[in-house]
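Here the structure comes first, spelled out in structure tokens, and everything after it is commentary.
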Amino acid sequence: MNEYETIIEGMRFGVSKHMMDRHFTVLWANKYAYELTGNTRDGFRSRYHNRVDEYYSEDSGTFAYVTKRIEDAYRNRKECYSFECPMRPNRGKVAWIRMNGRFTGEVYQGSPVMWNVFYDITDSHREQEELKVKSELLDSEIEKAEQMIQWTTGFLAELNSEIRTMANIIAGMADVAEACIDDPAKCEECLEKIVQATRRLRTKVGNARRMFRQEAG
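Last residue of the sequence shown: 310 in the working numbering, with the numbers rising by one and none dropped.
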């Protein structure tokens with residue numbers, strides 16, 4: 094191992110060299126790159142034959158995503174590419190990595206060659222997901238509050254109209270009763286209508302209170 098490789102081996106991020114074949118065959122990788130996969134160097138070679146597609150054999154969706162990002166960059170003649178993707182190390186937990194790659198311009202056994210540098214972003218990715226969930230919950234609560242305000246505004250407008258109608262009935266019947274003070278039958282009729290209007294008004298107010306309590310929670 095030369096001095097350059099010794100330095101890379103000691104770094105806490107993965108460095109790997111690949112052929113851009115259908116397997117994304119690993120030509121070389123530092124120790125930490127293998128550790129991020131949950132394997133030793135010999136273990137990865139033995140189990141997956143240094144083929145990335147075999148490592149992702151149980152997660153074809155992620156491998157298809159990785160393939161598309163790299164092939165799109167190569168087809169568009171970009172020198173570099175960068176993306177995030179999950180890895181599933183043997184320890185069972187899903188780890189997220191940030192992948193940064195560069196095409197070398199070399200060709201090996203008929204396939205372009207590329208270098209990758211990648212590192213673990215699991216903690217920051219988890220924090221972003223938690224923040225996203227909290228943001229969605231907040232948006233949901235804001236939407237509910239806005240709907241409640243709209244409902245309350247409409248309900249109060251309707252209630253105000255009904256109260257005004259009832260009040261006008263009560264006032265009108267009171268005026269009629271006062272004008273017909275010498276007509277007991279007419280006065281009794283007016284008083285009965287006042288009582289009915291008052292009861293309807295109380296019922297409306299009572300229903301409004303119950304509905305507000307229900308909407309509030």
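Beta carbons are placed, not taken as given, at the ideal position from N, Cα and C, and that holds for glycine.
At what residues does the beta strand (DSSP E) containing Gly-198 begin and finish?
-> 188-201
Give the straight-line distance between the Cα atoms of Glu-78 and Val-108, rounded to the nearest whole angstrom.
-> Here the chain has residues from 94 to 310 only, and residue 78 is not among them.
Assign Ser-233 to one of three DSSP states: helix, strand, or coil.
-> helix
Short Cβ contact (8 Å threshold) for Lys-256 with Ile-287 = Position check: residue 256 holds Ile in this sequence, whereas Lys was assumed. Not a contact, by the Cβ cut-off of 8 Å.
Rank Asn-169, Phe-137, Pro-179 and Arg-140 by C-alpha distance to the C-alpha of Gly-154 and give the top, closest one.
-> Pro-179
Among Met-304, Trp-121, Gly-299 and Arg-302, which one has its Cα closest to the Cα of Val-206?
-> Trp-121
Quick one: what's got a C-beta closer than 8 Å to Cys-273's C-beta in the same chain, skipping five residues either side?
-> Lys-279, Cys-280 and Cys-283
Spell out a yes or no on whether the segment 137-149 and the segment 221-240 are touching, meaning 3 or more CB-CB pairs, one atom from each, closer than 8 Å.
-> no
Which whole-angstrom value is the C-beta distance of Arg-191 and Phe-211, which I expect to be below 8 Å?
-> 6 Å
What is the rounded straight-line gap between the Cα of Asn-132 and the Cα of Thr-215?
-> 18 Å
What number of angstroms, rounded off, separates the C-alpha of Leu-294 from the C-alpha of Val-269?
-> 20 Å
Short Cβ contact (8 Å threshold) for His-111 with Asn-209 | yes
8 Å CB neighbourhood of Asp-275 in its chain, flanking five on each side removed | none
Rounded distance between the beta-carbons of Ala-290 and Met-259, thought under 8 Å = 5 Å
Go ahead and label Ala-157 buried or exposed: buried means 16 or more other beta carbons lie within 10 angstroms of its beta carbon, across all protein chains shown.
-> exposed
Can you grab the Cα-Cα spacing for the pair Ser-254 / Arg-292, in whole Å?
-> 16 Å
Helix, strand or coil at Cys-273 according to DSSP, with G and I counted as helix = coil
Please work out which residues of its chain come closer than 8 Å, Cβ to Cβ, to Val-119, disregarding the five sequence neighbours upstream and downstream, and give them in chain order.
-> Ser-109, Lys-110, His-111, Phe-137, Asn-143, Arg-144 and Val-145
Helix, strand or coil for Asp-213, going by three-state DSSP, please let me know.
-> strand
If you follow the beta strand (DSSP E) that Lys-161 is part of, which residue opens it and which one closes it?
-> Here Lys-161 belongs to no beta strand (DSSP E); instead the alpha helix (DSSP H) covers 153-168.
Whose C-beta lies closer than 7 Å to the C-beta of Phe-358 among residues of the same chain, with five residues either side of it excluded?
-> Lying before the first or after the last residue shown, residue 358 is absent from the chain, which here runs from 94 to 310.
Terminal residues of the continuous beta strand (DSSP E) containing Tyr-125?
-> Element bounds for Tyr-125: not the beta strand (DSSP E) but the alpha helix (DSSP H), 124-129.
Neighbour-count burial assignment, Ala-250, 16 or more Cβ in a 10 Å radius = exposed
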